[in-house]
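Inspection log for the structure reproduced underneath, given as structure tokens.
Number of protein chains: 2
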Amino acid sequence: MRNLFEIDPWKIIETKFDANKQKQAESIFSIGNGSFGQRANFEEKYSGDTLQGSYIGGVYYPDKTRVGWWKNGYPEYFAKVLNSTNWIGINIEIDGEQLDLNVQQIKYFHRELDMQKGLLKRTFRVVFGSGKELEVESIRFCSMAREEIAAISYTVTPLNFSGNVKFTPYLDGNVSNHDANYDEFFWLEDSRKVDIQKGILCARTKKTNFCIATAMRFSFWREQELLTIHPNVAQRDFYVENNFEHYLEKGVRFTLKKYVAVTSTINHSEFELAAKAIKRVRDAYTSGFDTLRTEHENAWAEIWKSADILIEGDEASQQGIRFNIFHLYQTYTGKNAKLNIGPKGFTGEKYGGATYWDTEAYCLPFYLKTADPQVAKQLLIYRYHHLDRAIENAEKLGFKNGAALYPMVTMNGEECHNEWEITFEEIHRNGAIAFAVYNYVRHTGDTAYLSEYGLPVVAGIARFWAQRFNWSEAKKAYVMLGVTGPNEYENNVNNNWYTNYIARWCIQYCLEVNAQVSAALPEKLSAKEIKDFQHIVENVYFPVLTDTNIFLQQDGFMDKEQLTANDIPVAERPINQHWSWDRILRSIFIKQADVLQGLYLFEDHFSEDIIRENFDFYEPKTVHESSLSPCVHVILAAKIGRMDKALELYLRTSRLDLDDYNHEADEGLHITSMAGTWMSVVEGLGGVRVTENGLSINPSIPKPWKAYSFQIRYKNQPLALSITQHKVTLENLGSAPVSCKLFGQEISVKEGEKQEAALK
Amino acid sequence: MRNLFEIDPWKIIETKFDANKQKQAESIFSIGNGSFGQRANFEEKYSGDTLQGSYIGGVYYPDKTRVGWWKNGYPEYFAKVLNSTNWIGINIEIDGEQLDLNVQQIKYFHRELDMQKGLLKRTFRVVFGSGKELEVESIRFCSMAREEIAAISYTVTPLNFSGNVKFTPYLDGNVSNHDANYDEFFWLEDSRKVDIQKGILCARTKKTNFCIATAMRFSFWREQELLTIHPNVAQRDFYVENNFEHYLEKGVRFTLKKYVAVTSTINHSEFELAAKAIKRVRDAYTSGFDTLRTEHENAWAEIWKSADILIEGDEASQQGIRFNIFHLYQTYTGKNAKLNIGPKGFTGEKYGGATYWDTEAYCLPFYLKTADPQVAKQLLIYRYHHLDRAIENAEKLGFKNGAALYPMVTMNGEECHNEWEITFEEIHRNGAIAFAVYNYVRHTGDTAYLSEYGLPVVAGIARFWAQRFNWSEAKKAYVMLGVTGPNEYENNVNNNWYTNYIARWCIQYCLEVNAQVSAALPEKLSAKEIKDFQHIVENVYFPVLTDTNIFLQQDGFMDKEQLTANDIPVAERPINQHWSWDRILRSIFIKQADVLQGLYLFEDHFSEDIIRENFDFYEPKTVHESSLSPCVHVILAAKIGRMDKALELYLRTSRLDLDDYNHEADEGLHITSMAGTWMSVVEGLGGVRVTENGLSINPSIPKPWKAYSFQIRYKNQPLALSITQHKVTLENLGSAPVSCKLFGQEISVKEGEKQEAALK
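Those protein sequence lines, which keep their order, are chains A and B. Mapping of the first sequence onto numbering that gives the first Met the number 0: position 139 corresponds to residue 138, and the numbering continues sequentially without gaps. Mapping of the second sequence onto numbering that gives the first Met the number 0: position 44 corresponds to residue 43, and the numbering continues sequentially without gaps.
As structure tokens, this is what we get:
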């Protein structure tokens, strides 16, 4: 796979402007701070092909459902994160000619995303029609220290002339979602105001009535000297600007510093919104760009201190993992209970920016091992608050007695998706939400969670599964018909092994939780339910391949033409961009881990031999056209000692967007799979596991690597692991001793101490 | 089931205006002449809930596809029959108040569809706000004798006053398709013209450039006296009108006779279109309403002479069958090779008015047994002309070497449908098209057809099937994965018995045709193909229920919860309006005949016992929520002697729309299933079969009926059958003797002679 951009351990670097890569670059160089974010669109006008995107966490719009053929049960709308006020805008004009990289001749172009410091930088030189040459240097960031603040430093230097240049910093709320179903404009303007000091634009979403306020101020500098500027003001619907012309001397750097505050009713009442934005931007202006930048860089340094994974000897791997960690933290910091993790974060519109099972299946393990337990708990409670909606959702599909089906896609708990084979059938998601409760408790030991929040959710989910199974008189067993497993290249299959397995596990787990919780919760199981659940647990049907240990992905799987992914001509990859849907469906090819996803989640239920046999059966059939696929394979491959395969797939997951494997980075990045990438290092190569029996560590290292190291949190103690080709070092950075198994040996590491072991 | 309208052997009668039934009535009282047609909208203004519909056979628009989630292989557009110029309009105004049945008090209302004469009549009395009472009597028809002419007689009588009444006959091209995907307006105006004698409106479809011209003239009568009128003219975009005010004396009948011509580029060049319309309307005007009406009634009398089915002793059955025959002839007369039979005919927009497998599976047998063989041949050649497109369609899905997949829905041979489980998977349609060739040849003996048109189509279809099967190493047989059978309440199943059966049959038939055709056609099979085909024919897998003769609808069918339709609460019927789609899919309930469809088509391959066993297994699980379901069941029920069930289902099919069983008549009628209704009498009760061994007749009669009789054509000889509770009479109305089997006995009936036999 060719690299799209330069390799560097801390930076993504683009050294030549390529209009054809612009949308990919806009995604990859995106910045955000967990609260809001922005694609790497240019500050100045750009008339070429671009996907403008500015997003505020939690602010969504219910876009009227669009389908070809309505099916009973479809939701009325799809809740979408909105493209909102463009706050980066700074137009530059010389002699009536707008600066526009799609128009002027470009003599130099350098863009970099400094992941260590959280900065998006750009330097370029252009020649205007008049022959005037200009150099521009811009730096911007969304502050990790002040969650409602962004700042831009935009420096213009005339290279071969002195003369007037016009600067127009502006805010523009005339933005639409590219993916709007009916080209609807989702915003109403509440107010706008602009004076010589500041501009503010207040807008409100139609229907949902989320209000946002975006405020700006600017200062203007000749080298290090602050100039006093009396700008003009202009405004129209959804738009405010300042503008001024200034005489720039040849070779002198003139800098416009733009400060922006973005507030919303996610965090404030409607009435104080504008005032808060104005206050925040005034504070930022008063602090000044350098102070803000230092605060921001410090915040990132704090994050990296514990979150970084250091890989020595392989810069592509190093860059890849940091890229993933960087974007994860840009998307979700864990500070705000109202937010969740959209599949594209703040890097694009696709998938609506809403919550998927990705959160529980891929992101939660990351936060459980890296963040304060409160962050994971917060993600769990998010679903607890949606329980009533999940019950309503199940009722709509004909289930009863408190059965809960969590939605495939949601913003407020209501189902948004409208594709029958997914919406109604990809129900394994429900299992991931129950598993998340289990996973949280085994990581944290917080069993109190079960009474207050856990049982209601787990019981709702188990009740759903109990009704969704049906007794097959033919098989004398419980079967589950008409589902779509994690492998979405199969639809409407019977007895998907993964779904049957996690469903049975949920029912079993519900029985256990029910027995543990002594509180007289209304959700507790009745005696009849307990008996029925027990009967199901003992009698679920699982498809298997006779005379092997292979679990069949679904009934009828062996009727398929038995091919491997190597049989597909390269020109036909990815198949989802080359083959008709029916051909994909009836082929044997697997989009993402399915049976293997189950073996990953329930690893301790299966012997290594069984895992190996199934891995060898399924991996060659898997095309990894879901971003969520390779990470699971890395973890299993490492476990069974297939280190070459593990490294190959690690590179694929960690550089999926950086190298745009699936030809879709232009639409945004695969944020939720980035947590999977982290897991592929820590759980995969690092062999870190947290089970009911505690922490165990079985590290290995790919041959090309010299060493790698990372931190995890266990029982709230930070531990540092460092692995070379020869030894593993475990250091307890915390304040209490930690016990664990290292290569199967029980060890205890005191606070502040290290232990070493030879690599096996 | 409650009857919507009055029971009468020749008429549909509505005696009270009910605004809630208006859209159903508009469908049911529709009129057409095979060339164009019109829902029973009112001539005068109607401000209530209505679905305006005026359609011209073959004129369509490629409406941009609308889907929620795009799948590779979807077509760019859905070709739709268009709502076109409203030609019925006659507005009536008194003292500035428009006549409008949604506004005035209605004192009397009577609407009838005279099926014998092909007339839509309406008489009503209303009281205006001023207290003025008016009686209106309208009669209209689309001429069966002149395929581009319609006429309306609109009589107004002031009942309690004398005074001025304003008449406004008009043409209005400002009409949209209710089902337009993006609310697009599909027409461009070419020209319009109106003078005191006539008006004309010429329009053109966007993209497809079909042109239509609609011309009108009128005359005005005081009782039988022709008055000279100098009307005003008015026009605007897509609209022309005449209008005049006239003093009407109390109790005197004033009649506006409106003549309309509708021409299109289906039949004329663009350049002569307007002139033809003006000439046609002038001729109609010159002939006069009464002459046109007489011609039209005579044409219908001619149709009924051979097409009628007479049922004595059961008026509901009698009305039902005539309603079906009437609408079939209104939709398709067999005169125009460019037309086909849309599922809703000229009665609504749903399903786009395009060609489905309905034509081959349900309509063709009707025309084969009632019409000149040329009509059936014409329907076959329509598909022959689409062969190249069917090959392209298959290529798009990854098939090669001349494999042809006919579209699910089409206007010009290209696939229009966009629902993956149908578009790509409901491929059994391909089988029906090959079977139609076989059926045509066995009815007509026209084996010459095979060389010229038959082999290419059959070979393309067989090549598709040969590639669509795949070898299952597990089953050591050919399987077919990922299909949707005729029962659309299952999607993406493996080894649908019906599809496997007809697919194998197609391959087998192709081998036979290939052997028969001596011409050196490029489509002839290669030696390797012959060998491969033979191998498939001998090794196709069919799911069966062990220890029975039951053919399983698909793999896994016995895992379903084993219920019957009686287990569904009445309030939840039809399930497609009450249950979520996933629930329908995983339930056992069958929308329409599937295995039984196969037993019907290939009846001579199976013993009566096998048919009975499968009928008894499947019929109780069938909810008949497709209009195409009951007819097949009637035929099989009659064959196995279940006469009560046959009658029950006959009534359901014949009165499906009349009594609106499935709550959807407002959207239009189920035209193609009407041919199935005819088959349910002739093949079902009448026991008429035409096989390779000739004609056989095994009639039976439901207990409540006194007698029934009908005609068929066999080897182009008209035969009349009449069945009472005691005997059957077969009369040869033709000019050559006919041999057949009556109750298994070989008989020969000379021209002009009758034979009788006692009913078994």
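Even glycine gets a Cβ: it sits at the ideal position worked out from N, Cα and C. For clarity, every value in this text was computed on a predicted model and none was experimentally measured.
Could you work out which residues of chain A lie near residue i, taking near to mean beta carbons separated by less than 7 angstroms?
i	result
Q561/B	E472
R418/B	It should be pointed out that residue 418/B corresponds to Glu in this sequence rather than to Arg. Near E418/B (Cβ distances below 7 angstroms), the residues of chain A are G67 and W68.
R585/B	L480 and G481
If you follow the alpha helix (DSSP H) that residue i is in, where does it begin and where does it stop?
i	result
K22/A	Q21 to I27
H295/B	F288 to A306
W419/A	W419 to T422
I535/A	A526 to E537
M410/B	Premise fails: M410/B is in no alpha helix (DSSP H) and is neither H nor E.
Q710/A	Segment A706 to Y713 is the beta strand (DSSP E) holding Q710/A; no alpha helix (DSSP H) there.
K395/B	L386 to K395
M215/B	It is not in any alpha helix (DSSP H) - M215/B instead sits in the beta strand (DSSP E) that spans C210 to R221.
W578/A	Counting along the chain, W578/A falls outside any alpha helix (DSSP H), and DSSP gives it neither H nor E.
T443/A	R428 to T443
Under 8 angstroms Cβ-Cβ, which residues of chain B neighbour residue i?
i	result
M557/A	S471, E472 and A473
Let me check understanding here. Comparing Cα to Cα, which of the options lies closest to residue i?
i	options	result
G130/B	C141/B, H109/B, G117/B and I105/B	I105/B
F365/B	V539/B, V126/B, T690/B and L327/B	L327/B
L720/A	E730/A, E42/A, S29/A and E391/A	E730/A
S263/A	D189/A, F550/A and N548/A	D189/A
R428/B	T409/B, R235/B and I148/B	T409/B
F127/A	E92/A, A476/A and W580/A	E92/A
G312/B	L732/B, R139/B, V436/B and I6/B	I6/B
Mapping the DSSP letters down to three states, classify residue i as helix, strand or coil.
i	result
R462/B	helix
K275/B	helix
Y381/A	helix
A39/B	coil
I501/B	helix
R641/B	coil
V174/B	coil
L551/A	coil
Q724/A	coil
D62/A	strand
Report the CB separation of residue i from residue j in whole angstroms; it is logged as a contact under 8 angstroms.
i	j	result
E294/A	S142/A	7 angstroms
T563/A	K638/A	About 22 angstroms separates the two Cβ atoms, so there is no contact after all.
S29/A	F345/A	6 angstroms
Which residues in chain B sit within 7 angstroms of residue i, going by Cβ to Cβ distance?
i	result
L396/A	S579, D581 and R582
K70/A	W580
V478/A	D558
N490/A	N491
What residues of chain C sit near residue i, judged by a beta carbon separation below 7 angstroms?
i	result
T498/B	Chain labels in this structure do not include chain C; the protein chains are A and B.
Under 9 angstroms Cβ-Cβ, which residues of chain A neighbour residue i?
i	result
E554/B	For the sequence presented, residue 554/B should be read as Asp rather than Glu. Here the neighbours are N493, D554, G555 and D558.
Using the beta-carbon of each residue, which ones in chain A are nearer than 8 angstroms to residue i?
i	result
T621/B	Simply none; closest approach about 19 angstroms.
F550/B	Near F550/B there are no residues of chain A at all, since even the closest Cβ is about 16 angstroms away, more than 8 angstroms.
Return the first residue and the last residue of the beta strand (DSSP E) that residue i is part of.
i	result
M114/B	No beta strand (DSSP E) holds M114/B; DSSP gives it neither H nor E.
P157/A	I148 to P157
E136/B	E132 to C141
G693/B	G693 to I696
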